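Chains as they are written, first to last, in this note's numbering: chain A, 1 to 221; chain B, 1001 to 1221.
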DNA sequence: CACTAAAACGGAGGCGCCTCCGCTTATTAC
DNA sequence: GTAATAAGCGGAGGCGCCTCCGTTTTAGTG
């Protein structure tokens, strides 16, 4: 926001600095019984930071200014850095939160809607999630080569959520029973390849509907 | 040098900014007939910059301050950026120069020494080159995913140089004839895995000698 | 409630990145 | 030689990163 006041962007620019140094390393020691209860104010600030960062990354990409994020969260830059020693730490937390939200939504939707509708709505949300992931892509690439848990954790959870929705929809007869989660995941994956055109959102919406029609066709119900 | 005045290093830190933007892209258009002859002073500055940058990267890693490099080369920071719009551009040129030197050395050594000695001396130099490459690793990783020519160009040239030395040594009977360049390359590759201990140089020297003894053993001469 | 140790805060300060644009210099034409 | 002009130079300036350390806040304890 405050960045790039003259409308110029660097061509490529920097690269992570010291891969020899400590990466985030979420798997502390294979046991993290009590991760130290944070002081109330600290917890509050931390949450606020993550929330603001999520918005900022979504809006400006991973290069959003950390100082701006701190300011918008109403804390000093020092506080941000104490909680998240590197940009990647922050990105990781935001990303995990995103995944969390996505998986949680699966449960919610399943309770509020017929199985096929739940699936459709969830796929819409999934597409938005992909878009976020796209914005974070460069940082995520580093994180995924650095922190192997991240990939297995998240992709497992997401595909699990999807499988549950699909099985429920199939069981209730709202969609055909001869496809499985990985097929659908693949189909949705095609959306990822679409370039960042401005009408990307609408197009992806149409793709989801199309896919959904395909899934409904030939359902026993 | 001027960097990090307090002895602190960031843990990981930044990542390249806009992969959407133009990467170095050496393959201009499959034809670059006359790349515009540089003005004399410009050429001088450019050469000096590359030379200084090579030293700086070797000494301080890819994170060497570009402002420091410019200063040491006796030019303004603006000049550096005009010649090399991004850090990666500069790294690429330095790296290519390194490869150039390495391959050139193969020819030189072959003329000045018996084939087996030439090979040994060259392998020593190769090991130093690997060390450089290690220093540039992070930037190179980006470059190699971005600029596909770079990898094929350089690795082809290097392994070609090695093959020539080995074949000459084998032909002259100084080393056994039942190994080829890729075997030796693999063997030398083992050195790469050695951590950045301070005695790395000596150790690698010993490894090269060891390898050389193995190659000499059973030679027909 | 008062007090205290520990935890957390926050922003100044120092550095590097990168761009822009007024000035300098090499080259070319006469 | 001189003039004209294109090419190149360089560094100030603005921004973001990250650390350090004096100040503030919280959670216990009596």
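Note that CB positions come from ideal geometry on N, CA and C, so glycine has one too. These numbers come from a predicted model, not from an experiment.
Scanning A/207, A/204, A/184, A/170 for the CA closest to the CA of residue 218 of chain A turns up A/170. Contact check for residue 109 of chain A and residue 90 of chain A: beta-carbon distance about 29 Å, past the 8 Å limit, so the pair fails to qualify. For the 7 Å CB-CB criterion, residue 1080 of chain B and residue 1066 of chain B form a contact. For the set A/186, A/210, A/54, the Cα lying nearest the Cα of residue 162 of chain A is the one of A/186. By the 16-neighbour rule on beta-carbons within 10 angstroms, residue 46 of chain A is buried. Closest in C-alpha terms to residue 125 of chain A, from the list A/98, A/113, A/145, comes A/98.
Within the stretch 68-101 of chain A, complete alpha helix (DSSP H) segments of at least 4 residues are found at 77-83, given in chain order. Looking from the CA of residue 64 of chain A, the closest CA among A/88, A/82, A/42 belongs to A/88.
Out of B/1210, B/1145, B/1060, B/1214, the CA that lies nearest to the CA of residue 1134 of chain B is found in B/1060. Annotation: residue 1127 of chain B to residue 85 of chain A spans about 35 Å, alpha carbon to alpha carbon.
Residue 201 of chain A has its alpha-carbon roughly 25 Å from the corresponding atom of residue 151 of chain A. A straight line joining the alpha-carbon of residue 1123 of chain B with that of residue 136 of chain A spans about 42 Å. Note on geometry: alpha-carbon atoms of residue 115 of chain A and residue 213 of chain A lie some 14 Å from one another.
When the alpha-carbon of residue 1083 of chain B is set against those of B/1095, B/1043, B/1072, B/1143, the nearest one is in B/1043.
Around residue 1075 of chain B, the same chain offers 1045, 1048, 1049 as residues with beta carbons nearer than 8 Å, after the five sequence neighbours per side are excluded. Counting other Cβ atoms within 10 Å of its Cβ, residue 36 of chain A stays below 16 and is therefore classed as exposed. Taking the C-beta atoms as reference points, residue 173 of chain A is found nearer than 7 Å to residue 220 of chain A.
Look at the stretch 118-204 of chain A and you find these whole runs of alpha helix (DSSP H), each 4 residues long or longer: 137-146, 148-171, 181-192. For residue 1063 of chain B, the three-state secondary structure derived from DSSP is coil. A straight line joining the alpha-carbon of residue 1073 of chain B with that of residue 1096 of chain B spans about 19 Å. Between the C-alpha atoms of residue 1077 of chain B and residue 1041 of chain B there is a straight-line separation of about 16 Å. Excluding its 5 nearest sequence neighbours in each direction, residue 69 of chain A has C-beta neighbours in its own chain below 6 Å: 52, 53, 56, listed in chain order. In the three-state DSSP reduction, residue 219 of chain A falls in the coil class, being neither helix nor strand. Within the model, the alpha-carbon separation for residue 132 of chain A versus residue 145 of chain A is close to 19 Å.
If you draw a straight line from the Cα of residue 1094 of chain B to the Cα of residue 1216 of chain B, it is about 35 Å long. In this structure, DSSP gives residue 104 of chain A a helical state, which the three-state scheme calls helix.
Between the C-alpha atoms of residue 107 of chain A and residue 177 of chain A there is a straight-line separation of about 20 Å. Taking 8 Å as the upper bound for CB-CB distance, residue 1118 of chain B and residue 1165 of chain B are in contact here, some 6 Å apart.
Between residue 143 of chain A and residue 92 of chain A, the CB-CB gap stays under 7 Å. A Cβ-Cβ contact shorter than 7 Å links residue 1139 of chain B with residue 1062 of chain B. Here the alpha carbons of residue 1105 of chain B and residue 102 of chain A stand approximately 58 Å from one another. In the displayed model, residue 1044 of chain B falls within a helix according to three-state DSSP. In the three-state reduction of the DSSP assignment, residue 1039 of chain B falls in the coil class, being assigned neither a helical nor a strand state. One Cα belongs to residue 129 of chain A, the other to residue 205 of chain A, and the distance between them is close to 13 Å.
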